[in-house]
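Taking it in order: structure first as structure tokens, then the write-up.
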Amino acid sequence: MPTRDMKKYENKNNMVKDLEQQIKKRKKYSWRRTYNDDADVDFINESNSKFNKILERFYGEHTAEIKQNLERGTPF
């Protein structure tokens, strides 16, 4: 007949095994964002890239004309 301590030990082992399986599964199915080489580079690092995407989402429609003028080299 198993004692109380043996059950606790078995429960701990089962939990450890389960956690190890979860870690293996997460490593196996990790998802990376794809990087588009053809996209315009308007950032200096990854953090700046995220910041620029946020700005573009909120102010993109208001600044599209200014951005086009700067790319063409024409004055405002």
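Numbering (this note's numbering), first residue to last: -10 to 65. All C-beta atoms in this analysis are idealised placements derived from N, C-alpha and C, irrespective of residue type, glycine included. Since the model is a prediction, treat every value here as computed from it, not as a measurement.
>> Between the alpha carbons of D(-6) and D7, how many angstroms are there, rounded?
In response: For D(-6) and D7, the distance between alpha carbons rounds to 20 Å.
>> Given this structure, state the Cα-to-Cα distance separating E50 from N3, to the nearest angstrom.
In response: 55 Å
>> Helix, strand or coil for V5? Go by DSSP, reduced to three states.
In response: helix
>> Considering only the alpha carbon of each residue, which of D29, N0, K39 and S36 lies closest to Q57?
In response: D29
> In terms of alpha-carbon separation, which member of L44, S36, E9 and D31 lies closest to E60?
Replying inline: D31
>> Please report the distance separating the alpha-carbon of T(-8) from that of Q11.
In response: 29 Å
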